[in-house]
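K.L.:
Heads up: the first sequence begins at -6 in the numbering used here, then just goes up one per residue.
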Amino acid sequence: MATLAGRLEALTLRALEQIVGDSEGLSAQIAPTRDEKHGDYQCNAALGLARRLGRNPRELSGELAQAMLALDETGLLRTAEVAGPGFLNLRVREEALKAALKGIGDPVRSAGRRVVVDYSSPNIAKQMHVGHLRSSIIGDAICRILEHLGHEVKRQNHVGDWGTQFGLLCAWLLDRGVEDSRVDLGDLEALYREAQALAERDEAFRERSRERVVALHQGDQPTRETWRRIVGTSLEHIGEVYERLGLSLTLADTRGESFYNPMLAGVVEELQVRFPAGSRPMEVVEDQGAVCVFLYDEEGQPRFKNAQGEPQPLLVRKSDGAFLYPTTDLAALRYRVRDLEADWLIYVTDSRQALHFQMFFQTAREAGWVGESLLEHVTFGTVLGPDGKPLKTRSGENVKLAELLGEAVERADRLVEDNESDPARKRGFSADEKRDIAEAVGIGAVKYADLSQNRSSDYVFSFDRMLAMEGNTAPYLMYAYARIRSIQRRAGELPHEPALTLEEAHERRLAMHLARLDETLDQVVSGWRLNLLCEYLYGLAGLFMKFYENCPVLGAPTPEQRASRLDLCEKAARVLKVGLELLGIRVVERM
RNA sequence: GCGCCCAUAGCUCAGCGGAUAGAGCAACUGCCUUCUAAGCAGUGGGUCGGAGGUUCGAGUCCUCCUGGGCGCGCCA
């Protein structure tokens, strides 16, 4: 079932075609009205087209209205009225609105693509910190939305398990012969700091670390064994954080950098053979011992320049022979297109990596490794502290994700306790319920605060704001849901196939908003503007609250209205639940 | 130097070229003997950083400027 906006657009285009006699360059310009006085949707097509045709906009708009009403066999429109300079205000028929609400919130059936979403990507041997928060939350929401829209999603957690830091760690552990003892993550971090400090003052240790990297990459048994243990310990910790965050990402989705190690030499070699020095628009040359990819535009000018104004290369092999991040990315891309047969690749990383992705994408395209796949780099800004600088602890360290989530839940728990100690608000929750609510509210608040921001800007992290029960926050939305569920519990049996009666303005507004879920999702996907879904849900919760205040459900004037309102409640609950779940946020039945 | 991002109410932020620029917080005023007051209703608060331009129409697009963040050869 197409969305109301989609159907209106199709109808408008048919009408325009009839008027103009040509479909070239026509645009329906359908948008929801900002003010309901203007109807449900507006069509702004006549305004622009009038000039092109040398006609009066209001007159053209009137003709468009007539044509649309005449062509409207499905009974979509109640009215189409010209307003202002030539706007066309459209009002949807009651029956069409009710039909649009059928199955609202159900997964969309579409010819899906196979999408690889690369997100989260923490480093092994370090605790997850606030720097991993946005990629994890945003990437997970993207996966859920894609699946809801009928796409097949392959999650890929490209963890850093292969870099130089493992040389340090392995060298340190093997030097001290601690390979048999169990090392937990807290130890690992301390060890890493010690190893780093040692490397700075001890040339011999530095050398041993470098040798360990080589040994690791060459498959040396004891080194591999130590490495595996480090990785295992870290993944355990990462899995715990994911579980608490409620991510749909699992250990099975982990394909660390090490996975691509056997492919790296081949990637570089192929590039070198196929794009020797002098090739355009891409050449691969050795410079100061490093293998560099240089990219050029159609005019043969360098696409990228460095700070000195010289051509900026993508480095795929260091002068010491080791491979780099771009090399792994290229290998991973090839694997995802060839082996995972993905035709859409999405990378979720902070915006600082934008240049890297431009170069890496361009290299992959020039090499012909992308095929027909879409490449998308979804970026986001930095999480800031109250001082407007990247969020750190007082001692200047990265804020641990586990601690941040713990504090969010703790604060939510205090809120629940406060309410329970107030006789007017007490609900009589059991200890288990309280814990569950605190967990859902605390974690949900953190995720929602992130997703409701415009992705590209930095944002200031604040427990107080995200846990506020009013405003555009997760608790507010969850509360709206809990209120509906409370009504439903009191209602007893819910009506089967009730007929909606949308006589009250509050009822109709709520219904119209509910019907706009799918078109909102369409907008969300174009540009991954996840905050639009948040805004939609906030609007929905607000409309429900107003409906709640003005339209008694259980005490409705007639049995028909009671049934209708119960059905509206059910649909609102469903959309709130589905919408929040698409964002990776869990609802609770009571709060 | 080049490139990317940002600048909107006192604060935190929305705003796909369309009608009077919106929320929340903070301030003030009402509403719990009626389905969860973690709520609702209302009041005040704006040279959309500046200057040009494109357009029937610009917070939104283009150019320049100012101020801030980030990135730019062997980290990832």
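From the three backbone atoms N, C-alpha and C, an ideal C-beta is built for every residue, glycine too.
This one's a predicted model, so the numbers in the text were calculated from it and none came from an experiment.
How far does the alpha helix (DSSP H) with Asp246 in it extend, from its first residue to its last?
P.N.:
It is not in any alpha helix (DSSP H) - Asp246 carries neither H nor E in the DSSP assignment.
K.L.:
Could you tell me the boundaries of the alpha helix (DSSP H) in which Thr551 lies?
P.N.:
Looking at the DSSP string, Thr551 is not in any alpha helix (DSSP H), and its letter there is neither H nor E.
K.L.:
Closest to Gly77 by CA distance: which of Ala164, Asn49, Leu367, Ser450 is it?
P.N.:
Answer by Cα proximity: Asn49.
K.L.:
In the structure shown, what three-state DSSP assignment does Gln591 receive?
P.N.:
Residue coverage of the chain in this structure runs from -6 to 584, which leaves residue 591 outside it and unanswerable.
K.L.:
Use the C-beta contact count for Ser16: other C-beta atoms within 10 angstroms, 16 or more gives buried, fewer gives exposed.
P.N.:
With fewer than 16 other Cβ atoms within 10 Å, it is exposed.
K.L.:
Is DSSP giving Lys385 helix, strand or coil here?
P.N.:
Strand, per DSSP.
K.L.:
Report all residues from its chain with a CB closer than 7 Å to the CB of Ala585; omit the five preceding and five following residues, and keep chain order.
P.N.:
Residue 585 lies beyond the range of the chain shown here (-6 to 584); nothing can be said about it.
K.L.:
Let me make sure I understand the geometry here. Which of Arg509, Ala431, Ala508, Asp515 has the alpha-carbon closest to that of Arg583?
P.N.:
Nearest C-alpha to Arg583: Ala431.
K.L.:
Output the distance between the C-alpha atoms of Ala566 and Glu403, rounded to the nearest integer angstrom.
P.N.:
Rounded to whole angstroms, Ala566 to Glu403 spans 27 Å at the Cα level.
K.L.:
On the DSSP bridge assignment, give the partners of Glu76 in chain order.
P.N.:
According to the sequence shown, residue 76 is Ala rather than Glu. Per DSSP, Phe80.
K.L.:
Quick one: what's Ser285 bridged to in DSSP?
P.N.:
Correcting the residue identity first, residue 285 is Cys in this sequence and not Ser. Val278, Leu308, per the DSSP bridge assignment.
K.L.:
Rounded to whole angstroms, what's the CA-CA distance from Val284 to Phe252? Just pull it up for me.
P.N.:
Roughly 22 Å between the two C-alpha positions.
K.L.:
Three-state secondary structure (DSSP) at Ile477?
P.N.:
Residue state, collapsed to three classes: helix.
K.L.:
From Glu486, Ala325, Leu470, pick the residue whose C-alpha is nearest to that of Ala258; which is it?
P.N.:
Of Glu486, Ala325, Leu470, the residue nearest in Cα terms is Ala325.
K.L.:
Find out if the Cβ-Cβ distance for the pair Ala192, Leu166 is shorter than 7 Å.
P.N.:
No, the pair does not count as a contact, with Cβ atoms beyond the cut-off.
K.L.:
Unbroken alpha helix (DSSP H) runs of length 4 or more, entirely within the segment 153 to 209: which are they?
P.N.:
Entirely contained in the segment 153 to 209, the alpha helix (DSSP H) runs reaching 4 residues are, in chain order, 158 to 168, 178 to 194.
K.L.:
Just to confirm my understanding: we take Trp220, look at its own chain, exclude 5 residues before and 5 after, and list those with CB closer than 7 Å. What are they?
P.N.:
Here the set comprises Phe159, Cys163, Leu209.
K.L.:
Give the single residue among Leu94, Ala39, Ser54, Gly32 whose Cα lies nearest to the Cα of Asn82.
P.N.:
Nearest of Leu94, Ala39, Ser54, Gly32 to Asn82, Cα basis: Gly32.
K.L.:
Which word fits Gln243, buried or exposed, when buried means at least 16 other C-beta atoms lie within 10 angstroms of its C-beta?
P.N.:
Note that residue 243 is Thr in the sequence shown, not Gln. Exposed is the call here.
K.L.:
Per the DSSP calculation, Lys147 is bridged to which residue(s)?
P.N.:
In the DSSP output, where bridge partners are listed per residue, Lys147 has Val109.
K.L.:
Is the segment 231 to 240 in contact with the segment 192 to 201, if contact means three or more CB pairs nearer than 8 Å?
P.N.:
They do not touch, by the three-pair rule.
K.L.:
If you drop the 5 nearest sequence neighbours on each side, which residues of the same chain put their C-beta closer than 6 Å to that of Arg555?
P.N.:
Within the same chain, Arg555 has close Cβ partners Ala549.
K.L.:
If Leu495 and Glu87 are in contact, beta carbons under 8 Å, what's the gap, nearest whole angstrom?
P.N.:
Confirmed, about 6 Å.
K.L.:
Quick check on DSSP: helix, strand or coil for Ile131?
P.N.:
Correct three-state label for Ile131: helix.
K.L.:
Among residues of its own chain, excluding the 5 on either side of Ser227, which ones have a beta-carbon nearer than 6 Å to its beta-carbon?
P.N.:
For Ser227, where only same-chain residues beyond five positions count, the Cβ hits under 6 Å are Ile117, Ala118.
K.L.:
Are the CB atoms of Arg107 and Glu145 nearer to each other than 7 Å?
P.N.:
It is a contact, given that the beta carbons lie within the stated cut-off.
K.L.:
Considering Tyr340, what are the terminal residues of the alpha helix (DSSP H) in which it resides?
P.N.:
Tyr340 -> not in any alpha helix (DSSP H); beta strand (DSSP E) instead, spanning 337 to 341.
K.L.:
Just checking my contact of Cys562 with Glu497 at CB under 8 Å: how many whole Å lie between their CB atoms?
P.N.:
Contact flag wrong, Cβ pair sits at about 14 Å.
K.L.:
What does DSSP give as the partner residues of Leu487 in its beta bridges?
P.N.:
None; Leu487 has no bridge partner.
K.L.:
Please name the residue or residues paired with Phe316 in a DSSP beta bridge.
P.N.:
Per DSSP, Arg310.
K.L.:
Would you list the residues sitting across from Asn465 in a DSSP beta bridge?
P.N.:
Per DSSP, none; premise fails for Asn465.
K.L.:
Nearest to Glu250 by CA position, among Phe316, His489, Asp515, is which residue?
P.N.:
Comparing Cα-Cα distances from Glu250 to each of Phe316, His489, Asp515, the minimum goes to Phe316.
K.L.:
Leaving out five residues on either side along the sequence, give the residues of the same chain with a beta carbon under 6 Å from the beta carbon of Asp290.
P.N.:
If we look at Asp290 and ignore the five residues flanking it on each side, its Cβ neighbours are Arg296.
K.L.:
Please return the same chain residues whose Cβ sits closer than 7 Å to the Cβ of Cys136, not counting the five positions on each side in sequence.
P.N.:
Excluding positions up to five away in sequence, the list reads Val110, Val146, Arg148, Ser241.
K.L.:
Under the three-state reduction of DSSP, which class applies to Leu368: helix, strand or coil?
P.N.:
Note: Leu368 maps to strand in three-state DSSP.
K.L.:
Would you mind reading off the limits of the beta strand (DSSP E) that contains Ile23?
P.N.:
That run of the beta strand (DSSP E) goes 23 to 25.
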